[in-house]
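Protein chains in written order, with the working numbering: chain A, 1 to 114; chain B, 1001 to 1114; chain C, 2001 to 2140; chain D, 3001 to 3140. Each residue gets a CB set at the ideal place from its N, CA and C atoms; glycine is no exception. So the structure is just underneath, and the comments pick up after that.
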Amino acid sequence: MKLSDRTQDGIVVLSPSGKIMGGPDASLLNDKLHQCIEDDQKRIVVDLAGVEWMNSTGLGILISSYTTLRNNGGELKLANVTDKIHSLLVITKLVTVFEAHDSVDEAIGSFGQK
Amino acid sequence: MKLSDRTQDGIVVLSPSGKIMGGPDASLLNDKLHQCIEDDQKRIVVDLAGVEWMNSTGLGILISSYTTLRNNGGELKLANVTDKIHSLLVITKLVTVFEAHDSVDEAIGSFGQK
Amino acid sequence: MDKPVIKGNTISVPSKLDHLADVDLFIEGILRGYGTDESLIADIAISVSELVNNAVSHGNRGEANKVVSVSINKANGSIRIAVSDEGGGFDPEEIANPIADENLLKEIGRGIFIVKSLMDSVETKKSDKGTTVVITKSLQ
Amino acid sequence: MDKPVIKGNTISVPSKLDHLADVDLFIEGILRGYGTDESLIADIAISVSELVNNAVSHGNRGEANKVVSVSINKANGSIRIAVSDEGGGFDPEEIANPIADENLLKEIGRGIFIVKSLMDSVETKKSDKGTTVVITKSLQ
Ligand SMILES: Nc1ncnc2c1ncn2[C@@H]1O[C@H](COP(=O)(O)OP(=O)(O)O)[C@@H](O)[C@H]1O
Ligand SMILES: Nc1ncnc2c1ncn2[C@@H]1O[C@H](COP(=O)(O)OP(=O)(O)O)[C@@H](O)[C@H]1O
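Encoded structure:
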């Protein structure tokens, strides 16, 4: 896995890429997400366009970030969920938990509407 | 590659294992061989029983150790050359350079006969 | 052992999560050699990564001197993969349901459930050497 | 790029010798998926390791931000492997003969010679993107 991040319209966009399978890579995303929370950057879009696949470790990171953000008054949204990851979200019913958007712009726009 | 070493009858026996393909592994054997020379342990048997295959990097390490030892009044012998490595020694004519023995004991014994 | 070792269709790695990627390269290689389609390769690779994670963390309890082995073969139009650890095993039928409301937001506990969903069968075998989880998937 | 990336039957790695082992795992996986016999797998793996060493050290001159790609396929009973780098290429026919007496004790210069001995053919192709060395080996 690789991880790049940027800020757009005051919202943090995290773009992991490759496979999220656990091990040294997984903590990269985990650490970054928790660092955002510490930095009081609580509106986060995780852009999954470049993620080939993830396993339950990846889902666990997303869930833990989602709940941590929510408990701190923040919000995590997904963008560009690929077919493979969408299937996993359906299988695990996490599709009912995450707000997902077709593009990063749409995800960012949805924060403003509140 | 992995490398273990021991001393038997005053002769150093180096036993690499796995594949010798270059990269971080290769320097392991290289460093060890040159350390032996510095420590004035100049009679060395390289036991190839555990080496699945090597490429020209492996041959280069053996040659450089062989010549360095010889130039310092020492000697390097091979033991348990597998079929795959024997073919490479034949292809590269290095079979005419290295003294090879069917076992570590035989290689060690051959030093005494001088 | 400090490196992956290949013997035929089996790869053995030290029990560390750093080696997840090594197992993945080998298994994805074999599957491509079989001519498996890309979507199925991903499903199998995901499942294997779950089982190797479990073998390292639960089976071998993170003891890096222990070994995890993964074997793969194809027979009768079906792929069979066995993941072995040196631990005491578990019963895949007794795992809490991760899609029950009270578990939905838990961070862990979805691995075997996902494997069961993606593969055709998941079985565990215990011996005095350790535990092997065997998964199969038909190529149709 | 900082990790191996697989796309179909191609693996691309950052230009570092640390990734020799990654390429080997993938290529040995594919060959086992093809059902190749163990001795031939070793000959091909040795040859690929020579070409990747060269692609990293000579082609990409050790610049880690460059990429080395290795593709493999099987057609008409023959295995074909292409190793690409971003360098200016070379002529495999113009390499000094490593078994000539004056070269016998040299530390380097045996790689391409070994590949030629083990494989059926070795060809280089140059484009504006870099150099590709293509080797083939018949399965008989
Ligand atoms: N190889 C194994 N050895 C021992 N116990 C295991 C093994 N694999 C799974 N388990 C048990 O099954 C449980 C569920 O595994 P899993 O569904 O992968 O979720 P997680 O690993 O996230 O807890 C684990 O918590 C563990 O108790
Ligand atoms: N991919 C490459 N790009 C550029 N030059 C190469 C490449 N591969 C080989 N060469 C050239 O061919 C020479 C011989 O290569 P080889 O037989 O593998 O021996 P060695 O790499 O030990 O020198 C190299 O020294 C280099 O000059």
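Take the Cβ of Thr1096 (chain B) as the centre, count every other Cβ of all protein chains shown within 10 Å, and call the residue buried at 16 or more, exposed below. Here residue 1096 (chain B) is taken as the residue at index 96 of the second sequence, counted from 1. Per the 10 Å Cβ criterion, exposed.
Identify whether Lys3126 (chain D) lies in helix, strand or coil by the three-state DSSP scheme. For the purposes of this step, residue 3126 (chain D) is taken as residue 126 along the fourth sequence, with counting starting at 1. Lys3126 (chain D) falls in the strand class under three-state DSSP.
For ligand 2, is there any heavy atom lying closer than 7 Å to the beta carbon of Gly3087 (chain D)? Translated into the one-based positions of the fourth sequence, residue 3087 (chain D) becomes position 87. At least one heavy atom of ligand 2 is nearer than 7 Å to the Cβ of Gly3087 (chain D), so yes.
As assigned by DSSP and simplified to three states, the class of Asp47 (chain A): Taking the first residue of the first sequence as position 1, residue 47 (chain A) is located at position 47. Three-state DSSP puts Asp47 (chain A) in a strand.
How about Ser56 (chain A): is its Cβ closer than 7 Å to a heavy atom in ligand 1? Walking along the first sequence from the start, residue 56 (chain A) turns up at place 56. Because some heavy atom of ligand 1 lies under 7 Å away, the Cβ of Ser56 (chain A) counts as near it: yes.
Limits of the unbroken alpha helix (DSSP H) element including Leu33 (chain A): Residue numbering aside, residue 33 (chain A) sits at position 33 when the first sequence is read from its first letter. From DSSP, the alpha helix (DSSP H) with Leu33 (chain A) extends over 24-38.
For Gly3033 (chain D), count neighbouring C-beta atoms within 10 Å of its own C-beta (all shown protein chains included) and say buried if the count is 16 or more, exposed if not. Within the fourth sequence, the letter at position 33 stands for residue 3033 (chain D). By the neighbour-count rule (16 or more Cβ atoms within 10 Å), Gly3033 (chain D) is buried.
For Leu1078 (chain B), is the classification buried or exposed, using 16 other Cβ atoms within 10 angstroms of its Cβ as the cut-off for buried? Here the question's residue 1078 (chain B) lines up with position 78 in the second sequence. Result: buried.
Could you list the residues in the stretch 3059-3083 of chain D with a C-beta less than 8 Å from some C-beta on chain B, going in chain order? none
Closer than 7 Å: Thr2131 (chain C) CB and nearest ligand 1 heavy atom: For this step, residue 2131 (chain C) is matched to residue 131 along the third sequence. Yes, ligand 1 has a heavy atom inside 7 Å of this Cβ.
Could you check if Glu3050 (chain D) belongs to the surroundings of ligand 2, using beta carbon to heavy atom distance under 7 Å? Here residue 3050 (chain D) is taken as the residue at index 50 of the fourth sequence, counted from 1. For ligand 2, at least one heavy atom lies less than 7 Å from the Cβ of Glu3050 (chain D).
Asn72 (chain A) burial status per 10 Å Cβ neighbour count (16 or more: buried): Sequence index remark: in the first sequence, residue 72 (chain A) carries index 72 (1-based). Exposed is the call here.
Suppose the cutoff is 7 Å on Cβ atoms and the five residues either side in sequence are ignored; what does the same chain contact list for Thr92 (chain A) look like? Your numbering for residue 92 (chain A) matches position 92 in the first sequence. Excluding residues within five positions, the ones whose Cβ falls inside 7 Å are Leu59.
Is Ile1063 (chain B) near ligand 2 - that is, is its Cβ less than 7 Å away from at least one heavy atom of it? Numbered from 1 along the second sequence, position 63 holds the residue referred to as residue 1063 (chain B). No, the Cβ of Ile1063 (chain B) stays beyond 7 Å of every heavy atom of ligand 2.
Ligand 1 and Ile2108 (chain C): does the residue's C-beta get closer than 7 Å to at least one heavy atom of that ligand? The residue labelled residue 2108 (chain C) in the question sits at position 108 within the third sequence. Yes, ligand 1 has a heavy atom inside 7 Å of this Cβ.
Can you give me, in chain order, the residues of the stretch 2003-2037 of chain C that have a beta carbon less than 9 Å from any beta carbon in chain D? Lys2003, Pro2004, Ile2006, Gly2008, Asn2009, Ile2011, Ala2021, Asp2022, Val2023, Asp2024, Leu2025, Phe2026, Ile2027, Glu2028, Gly2029, Ile2030, Leu2031, Arg2032, Gly2033, Tyr2034, Gly2035, Thr2036
With 7 Å as the limit, tell me which residues of the stretch 3-29 of chain A have their beta carbon closer than that to any beta carbon of chain D; keep them in chain order. Gly18
Buried or exposed, going by whether 16 or more other CB atoms sit within 10 Å of the CB of Gly3035 (chain D)? Here residue 3035 (chain D) refers to the residue found at position 35 when the fourth sequence is read from its first residue. Answer is exposed; the Cβ neighbour count stays below 16.
List in chain order: all unbroken alpha helix (DSSP H) runs of 4+ residues lying wholly within the stretch 3017-3095 of chain D. 3020-3034, 3038-3054
Heavy atom of ligand 1 less than 7 Å from the Cβ of Asn30 (chain A), yes or no? The sequence position of residue 30 (chain A) within the first sequence is 30, counting from 1. No, the beta carbon of Asn30 (chain A) sits no closer than 7 Å to any heavy atom of ligand 1.
Which whole-angstrom value is the C-beta distance of Ile3095 (chain D) and Thr3136 (chain D), which I expect to be below 8 Å? Walking along the fourth sequence from the start, residue 3095 (chain D) turns up at place 95. Walking along the fourth sequence from the start, residue 3136 (chain D) turns up at place 136. Not a contact, Cβ separation roughly 19 Å.
Quick check: is the beta carbon of Thr1068 (chain B) nearer than 8 Å to any beta carbon in chain D? For this step, residue 1068 (chain B) is matched to residue 68 along the second sequence. Closer than 8 Å: no.
Three-state class that DSSP yields for Gly3008 (chain D) in the structure shown: For the purposes of this step, residue 3008 (chain D) is taken as residue 8 along the fourth sequence, with counting starting at 1. Coil, per DSSP.
For the beta strand (DSSP E) containing Glu1075 (chain B), name the first residue and the last one. Numbered from 1 along the second sequence, position 75 holds the residue referred to as residue 1075 (chain B). 1075-1079 is the span of the beta strand (DSSP E), which, as asked, contains Glu1075 (chain B).
Report the residue from C:Ser2084, C:Ile2114, C:Glu2028, C:Leu2105 whose alpha carbon sits nearest the alpha carbon of Asp2128 (chain C). Position 128 of the third sequence, counted from the start, is the residue given in the question as residue 2128 (chain C). The shortest Cα separation from Asp2128 (chain C) among C:Ser2084, C:Ile2114, C:Glu2028, C:Leu2105 belongs to C:Ser2084.
Could you spell out the range, first to last residue, of the beta strand (DSSP E) harbouring Leu3 (chain A)? Here residue 3 (chain A) refers to the residue found at position 3 of the first sequence. Where Leu3 (chain A) is concerned, the enclosing beta strand (DSSP E) stretches over 2-8.
Beta-carbon contacts of Pro2098 (chain C) that lie in its chain and below 6 Å, excluding the five residues immediately before and after: Counted from its first residue, the third sequence places residue 2098 (chain C) at position 98. Taken in chain order, the residues that qualify are Gly2109, Arg2110, Phe2113.
Along the chain, where does the alpha helix (DSSP H) containing Ala1100 (chain B) start, and where does it finish? What you label residue 1100 (chain B) is simply residue 100 of the second sequence in a count that begins at 1. Not the alpha helix (DSSP H): Ala1100 (chain B) falls in the beta strand (DSSP E), residues 1099-1101.
Contact the stretch 2038-2052 of chain C vs the stretch 3036-3043 of chain D: 3+ CB pairs below 8 Å: no
Inter-residue Cα distance where the pair is Leu1048 (chain B) and Met2001 (chain C): Residue 1048 (chain B) sits at position 48 when you count from the first residue of the second sequence. Residue 2001 (chain C) sits at position 1 when you count from the first residue of the third sequence. Near 17 Å, if we compare the C-alpha coordinates of Met2001 (chain C) and Leu1048 (chain B).
In its own chain, which residues sit with a C-beta less than 8 Å from the C-beta of Gly10 (chain A), not counting the 5 before and 5 after it? As a first step, residue 10 (chain A) must be located in the first sequence, where it is residue number 10. For Gly10 (chain A), where only same-chain residues beyond five positions count, the Cβ hits under 8 Å are Arg43.
Proximity to Ile1061 (chain B) [Cα-Cα], best of B:Gln1041, B:Lys1084, B:Ser1087, B:Phe1098: Start at 1 with the first residue of the second sequence, and residue 1061 (chain B) comes out as number 61. Looking at the Cα atoms, B:Phe1098 is the closest of the given residues.
Using only the alpha-carbon positions, how far apart do Leu94 (chain A) and Gly3008 (chain D) sit? As a working mapping, residue 94 (chain A) is identified with position 94 in the first sequence. As a working mapping, residue 3008 (chain D) is identified with position 8 in the fourth sequence. Approximately 30 Å between the Cα atoms of the pair.
Kindly indicate which three-state DSSP category Lys1084 (chain B) falls into: helix, strand or coil? On the second sequence, position 84 is the one that residue 1084 (chain B) refers to. Here Lys1084 (chain B) sits in helix by DSSP.
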